[in-house]
Amino acid sequence: MKPVLSITMGDPAGIGAEVTVRALTHPALYELCTPVVIGSAEALRDAARFTDAPLRFREIASPEEAEGIPGTLEYIDPAPLAPGVYAPGVLSAACGDAAFQYVRLGIELAKAGRVAAVVTGPINKEALNLAGHHYDGHTEIFAKFTDTKNYAMLLASGSLRVIHICTHVSLRQACDLVKKERVLDTIRLAVRALQELGIAHGRVAVAGLNPHSSDNGLFGDEEAREILPAIEAARAEGLDVSGPIPPDSVFVRALGGEFDIVVAMYHDQGHIPLKLAGFRMDPKTGKFQSMSGINTTIGLPIIRTSVDHGTAFDRAGRGVAHEGSMIEAIEVAVQMARAKAGER
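For the sequence shown, our numbering assigns the number 86 to the initial residue and increments by one for each residue that follows.
This is the structure in structure tokens:
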């Protein structure tokens with residue numbers, strides 16, 4: 086049977102509604118799964134209008150009612166927006182709260198086994214905090230409401246996969262978080278991630294923190310003091326781990342097929358190469374020609390995948406957002422759901 090997926094639309098004022106609507110115009114996705122969108126009816130209908138998406142809309146009360154018919158977008162709207170509080174590209178606490186309610190419902194449905202996975206559209210952290218929900222992002226919300234202590238963000242675009250020691254912290258704080266146990270835990274999560282993606286014996290590369298991985302102590306000592314001991318401990322557990330490898334070359338080597346996943350030390354070290362690998366913009370039109378890449382939270386008791394881009398308020402409502410990342414996020418959620426079902 087096809088898995089039922091909940092797709093949380095994200096902030097109504099961002100591009101989440103547009104990429105969701107565009108993705109669900111592809112009939113092939115309905116061959117893989119039964120998608121149920123959790124989001125704003127108003128924003129979804131607006132997105133369909135300005136993208137000329139040939140979709141019918143059907144509001145449902147629960148995922149069990151979903152029929153999964155191509156051309157019909159089935160949705161649940163748990164937090165209807167009051168008239169006048171929503172406008173594309175406009176930051177608001179009301180939209181931040183609505184986006185939070187979509188995610189909460191998606192998590193609860195997945196925890197109850199009523200959907201096989203949650204696919205998340207982009208939320209705006211400022212709007213989220215304006216609404217009184219003080220989280221750094223999706224990853225922390227999922228960890229909180231699934232009571233998960235050990236987790237990490239994984240990004241993927243094609244053959245390039247990256248998992249992070251830390252994400253939404255300052256660069257100064259990120260350096261302080263590079264500790265042996267944290268690096269070792271993330272290596273273990275990297276291996277788990279590969280297994281959940283169907284790669285049984287994965288090859289893990291660990292990036293250095295400093296330029297040239299410190300050149301034997303010339304530019305810092307974190308490699309020798311924290312990262313290498315973690316790698317040696319992982320190898321003692323029988324894991325295939327290489328490093329620390331200079332950050333300016335490890336991603337190229339992974340793209341070349343030498344490694345299955347890279348452990349990155351902080352947010353931008355992992356995100357920049359992923360987006361360079363997967364995002365393409367037409368300089369003449371300003372439109373994205375592709376937005377390849379997804380992220381998923383590893384370590385949760387439920388499956389969560391996501392688009393690998395933000396709310397893009399500056400582009401919302403203009404019909405220029407690309408649905409590629411949303412399509413990939415749905416496809417990877419299906420892949421992980423099938424693998425999980427196979428284990429049972």
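Every residue gets a Cβ at the ideal spot worked out from N, C-alpha and C, and that includes glycine.
ask   = First and last residue of the alpha helix (DSSP H) that includes I357?
value = As a first step, residue 357 is located in the sequence shown; it is residue number 272 there, counting from the start. H352 to G363 is the span of the alpha helix (DSSP H), which, as asked, contains I357.
CA-CA distance, P173 and A275? What you label residue 173 is simply residue 88 of the sequence shown in a count that begins at 1. What you label residue 275 is simply residue 190 of the sequence shown in a count that begins at 1. Using only the alpha carbons, I get a separation of about 37 Å.
query = To the nearest angstrom, how far is it from the Cα of R273 to the Cα of A319?
reply = As a working mapping, residue 273 is identified with position 188 in the sequence shown. As a working mapping, residue 319 is identified with position 234 in the sequence shown. Rounded to whole angstroms, R273 to A319 spans 8 Å at the Cα level.
Alpha-carbon spacing of R277 relative to R143, whole angstroms
As a position in the sequence shown, residue 277 is number 192, starting the count at 1. As a position in the sequence shown, residue 143 is number 58, starting the count at 1. Roughly 38 Å between the two C-alpha positions.
Straight-line gap, V254 to G222 (C-alpha atoms, nearest Å):
Your numbering for residue 254 matches position 169 in the sequence shown. Your numbering for residue 222 matches position 137 in the sequence shown. Cα to Cα, V254 sits roughly 11 Å from G222.
Exposed unless 16 or more other CB atoms sit within 10 angstroms - verdict on M421
Along the sequence shown, read from residue 1 onward, the residue named residue 421 stands at position 336. Result: buried.
Inset, instruction - Give the secondary structure of N295 by DSSP, where H, G and I count as helix, E and B as strand, and everything else as coil. - result: Along the sequence shown, read from residue 1 onward, the residue named residue 295 stands at position 210. It is coil, neither helix nor strand.
### Task
Compare the C-alpha of D162 against each of E152, D182, H286 and A285 and name the closest.
Here residue 162 corresponds to residue number 77 of the sequence shown, with the count starting at 1. It is D182 whose Cα lies nearest to the Cα of D162.
Practice item. Assign P148 to one of two classes, buried (16 or more other C-beta atoms within 10 Å of its C-beta) or exposed (fewer than that). Key: Walking along the sequence shown from the start, residue 148 turns up at place 63. Burial call: buried.
Smallest Cα separation from M366: which of I379, P155, E317 and A406? Within the sequence shown, the letter at position 281 stands for residue 366. It is A406.
Whole-angstrom C-beta distance between K265 and E311, which should lie under 8 Å:
To locate residue 311, count along the sequence shown from 1; it is residue 226. To locate residue 265, count along the sequence shown from 1; it is residue 180. The Cβ separation is near 5 Å, so the contact holds.
For A102, name the three-state secondary structure that DSSP assigns. Along the sequence shown, one-based indexing puts residue 102 at 17. In the structure shown, A102 sits in a helix (DSSP, three-state: H, G or I).
In whole angstroms, what is the alpha-carbon distance linking A98 and H394? Looking up residue 98 in the sequence shown gives position 13. Looking up residue 394 in the sequence shown gives position 309. Roughly 15 Å between the two C-alpha positions.
Q | Cβ pair count under 8 Å reaching 3, the region 285 to 304 against the region 336 to 349 | A | yes
_Cβ shell of L90 (< 8 Å), same chain only, five flanking positions each side left out_ = Residue mapping note: residue 90 aligns to position 5 of the sequence shown, counting from 1. Correct list, in chain order: C118, T119, P120, V121, V200, A201, A202, V203, V204, I415, A418, V419 and A422.
Starting from the C-beta of H352, find all residues in its chain whose C-beta is less than 6 Å away, skip the five residues before and the five after it, and write them out in chain order. To locate residue 352, count along the sequence shown from 1; it is residue 267. Hits under 6 Å: T252.
State the DSSP-derived secondary structure class of V392, mapped to helix, strand or coil. Start at 1 with the first residue of the sequence shown, and residue 392 comes out as number 307. Looking at V392 - three-state DSSP - the assignment turns out to be strand.
Within 10 angstroms of the Cβ of M411, are there 16 or more other Cβ atoms? Answer buried if so, exposed if not. As a working note, residue 411 is residue 326 in the sequence shown. By the 10 Å Cβ count, M411 comes out buried.
Report task. Using 10 angstroms around the beta-carbon of D306, count the other beta-carbons present and answer buried if the total reaches 16, otherwise exposed. Result -> Reading the sequence shown from its first residue, position 221 is the one you call residue 306. It is exposed - the Cβ of D306 has fewer than 16 other Cβ atoms within 10 Å.
Reduced DSSP category for Y220 - H, G, I as helix; E, B as strand; rest coil:
Your numbering for residue 220 matches position 135 in the sequence shown. Y220: coil per DSSP, three-state reduction.
**Item:** Closest by C-alpha distance to E211, when choosing among V175, K196 and S242
**Value:** The residue you call residue 211 lines up with position 126 of the sequence shown. Residue V175 is the option with its Cα nearest to E211.
| request: Under 8 Å by Cβ, that's how I've got G404 and F135 pegged, so tell me the actual separation to the nearest angstrom. | output: Residue mapping note: residue 404 aligns to position 319 of the sequence shown, counting from 1. Residue mapping note: residue 135 aligns to position 50 of the sequence shown, counting from 1. Indeed, because the Cβ distance is near 5 Å, the residues count as touching under 8 Å.
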